[in-house]
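Positions in the sequence shown are counted from 1; adding 617 to them yields the working numbering.
Don't be surprised by glycine CBs; every beta carbon is placed ideally from N, CA and C.
Keep in mind that this is a model prediction, so the values were computed, not measured.
To keep things clear, I will list the structure first and then write my remarks on it.
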Amino acid sequence: MTVPCYETLAAYNSAHPAAPMPEDATARAGLRRYTAASAGLKDDLSGSGSGFTIDFLPGGAPAEGEPDRTGAVVATRWGAGPYLVLATGVSLRWARSRIVGSWPTTLTNVAGVLGGRS
Numbered sequence: 618m619t620v621p622c623y624e625t626l627a628a629y630n631s632a633h634p635a636a637p638m639p640e641d642a643t644a645r646a647g648l649r650r651y652t653a654a655s656a657g658l659k660d661d662l663s664g665s666g667s668g669f670t671i672d673f674l675p676g677g678a679p680a681e682g683e684p685d686r687t688g689a690v691v692a693t694r695w696g697a698g699p700y701l702v703l704a705t706g707v708s709l710r711w712a713r714s715r716i717v718g719s720w721p722t723t724l725t726n727v728a729g730v731l732g733g734r735s
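Here it is as structure tokens:
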């Protein structure tokens, strides 16, 4: 499976201006994301062997009572590159629900539950 990959924050944000990743590290850390119980997800896509987290952009996954947004689901090394785009143009509430409901532990599993929606 091949997914779009950006090595830098600037490259990702330039390619996806409607779903930007915050440039400020504190703002990135405050995003509501999926971490597989803080263990990180196994990177079986780029082969880095690093633990990844799933970000819902823009603004993180909507909490209960917040309006839904359409955006991108991006795998990062805890807010740092590389930035692997797993889905675009999706409901962030739907994406988070699908991911949390299946509790994936690898990036391939996340992409699978999203059904290649990009």
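Residue from Ile-671, Ala-635, Ser-631, Ser-655 whose Cα sits closest to the Cα of Arg-686: Numbered from 1 along the sequence shown, position 69 holds the residue referred to as residue 686. Ranking the options by Cα distance to Arg-686, first place goes to Ala-635.
Proximity winner among Ser-655, Tyr-623, Asp-641, relative to His-633 (alpha-carbon distances): Position 16 of the sequence shown, counted from the first residue, corresponds to residue 633. The option with the nearest alpha carbon to His-633 is Tyr-623.
Local Cβ density within 10 Å of Thr-670, reported as buried at 16 or more and exposed below that: By one-based count along the sequence shown, residue 670 stands at place 53. Flag for Thr-670 reads buried.
Residues sharing a beta bridge with Gly-688, DSSP: Sequence index remark: in the sequence shown, residue 688 carries index 71 (1-based). Gly-688 pairs with Val-707.
Assigned secondary structure, Ala-635 (DSSP; H/G/I helix, E/B strand, else coil): Numbered from its first residue, the sequence shown carries residue 635 at position 18. Correct three-state label for Ala-635: coil.
Alpha-carbon to alpha-carbon, Pro-675 and Ser-708: What you label residue 708 is simply residue 91 of the sequence shown in a count that begins at 1. What you label residue 675 is simply residue 58 of the sequence shown in a count that begins at 1. Each residue's alpha carbon lies about 11 angstroms from the other.
Local conformation of Leu-731 per DSSP, three classes: The residue labelled residue 731 in the question sits at position 114 within the sequence shown. Leu-731 falls in the helix class under three-state DSSP.
As assigned by DSSP and simplified to three states, the class of Ala-697: Position 80 of the sequence shown, counting from 1, holds the residue named residue 697. DSSP places Ala-697 in strand when its eight states are reduced to three.
Member of Val-717, Arg-715, Val-702 whose CA lies at the smallest distance from the CA of Thr-619: Numbered from 1 along the sequence shown, position 2 holds the residue referred to as residue 619. The shortest C-alpha separation from Thr-619 is found at Val-702.
Gly-668, DSSP secondary structure in three states: Translated into the one-based positions of the sequence shown, residue 668 becomes position 51. In the structure shown, Gly-668 sits in a strand (DSSP, three-state: E or B).
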